[in-house]
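For what it's worth, the working numbering labels the leading residue of the sequence shown as 1, then goes sequentially. Here is the structure we will look at.
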Amino acid sequence: MRKKQNVKHRKTEEAAVVQEFVVEKIIDRRVTDGRVEYYLKWKGFTDADNTWEPQDNLDCPELIEEFLNCLNIAERTEESPSQPAAQERELENDTELETEQVRGFANGLEPERIIGSTDSKGELMFLVKWKDSEEVDLVSAKEASVKCPQVVIAFYEDKLTWHSCPEDDQQP
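Structure (structure tokens):
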């Protein structure tokens with residue numbers, strides 16, 4: 001009888017072992033409510049299973065250090081005034097592409113209507129549909145308010161909802 005109890009006891013101990021997930025790589029970093037979180041790719045899982053995890057829950061200091069080093073190098077190259085010639089040529093090519101794809105009010109089109117709004121880096125942006133074109137662009141709400149105030153007003157009027165008070169309905 002004693003052996004069976006020990007076998008049962010061992011089985012429950014083995015079942016209590018928690019599966020440990022292994023971080024394959026760190027994809028991104030953010031700070032939410034003062035807590036640093038990392039966007040993780042898990043080893044053996046698809047990209048659909050990637051998750052944001054607080055730094056406190058992680059046990060992969062080497063991966064965090066490697067990610068931060070890569071992040072710092074990327075930031076330095078963006079800010080660096082003296083770049084290698086290959087990078088300068090790449091920037092020139094990017095500038096040429098940007099000039100080919102003129103966006104916003106610089107495209108010379110007249111706005112038809114505002115489709116929606118969003119927040120981009122703390123700035124209110126409008127998604128604008130242009131007249132006689134299938135194109136849409138994100139433009140600054142400040143710029144839109146100056147360049148096409150009637151379109152902005154029409155957008156806000158469409159979004160307004162009026163609620164009547166029961167007291168207003170009862171007045172003669």
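The C-beta atom is built at its ideal place from N, Cα and C for all residues, glycine as well.
Restricting attention to D119, G44 and D132, the CA atom closest to the CA of R113 is found in D132. Approximately 5 angstroms separates the beta-carbon atoms of N50 and K41; this is inside 8 angstroms, confirming the contact. Comparing C-alpha distances from P54 to each of V31, E66 and E157 shows the shortest one belongs to V31.
If you look at D28, you'll find it in the beta strand (DSSP E) that goes V23 to T32. Annotation for L71: R29 place their beta carbon closer than 8 angstroms to its own, counting only its chain and skipping 5 residues before and after. Ranking K142, P149 and G104 by CA distance to the CA of V136 puts G104 first. A direct Cα-to-Cα measurement between S140 and V22 gives close to 42 angstroms. For M125, the CB contacts under 8 angstroms within the same chain, skipping 5 residues up- and downstream, are S117, T118, D119, L138, V139, S140 and A141 in chain order.
The closest CA to that of C148, considering only K129, E62 and L160, is found on K129.
Straight-line spacing of the CA atoms in I26 and Y38 works out to 7 angstroms. Within a 10 Å sphere around the beta-carbon of V152 sit 16 or more other beta-carbons, which makes this residue buried.
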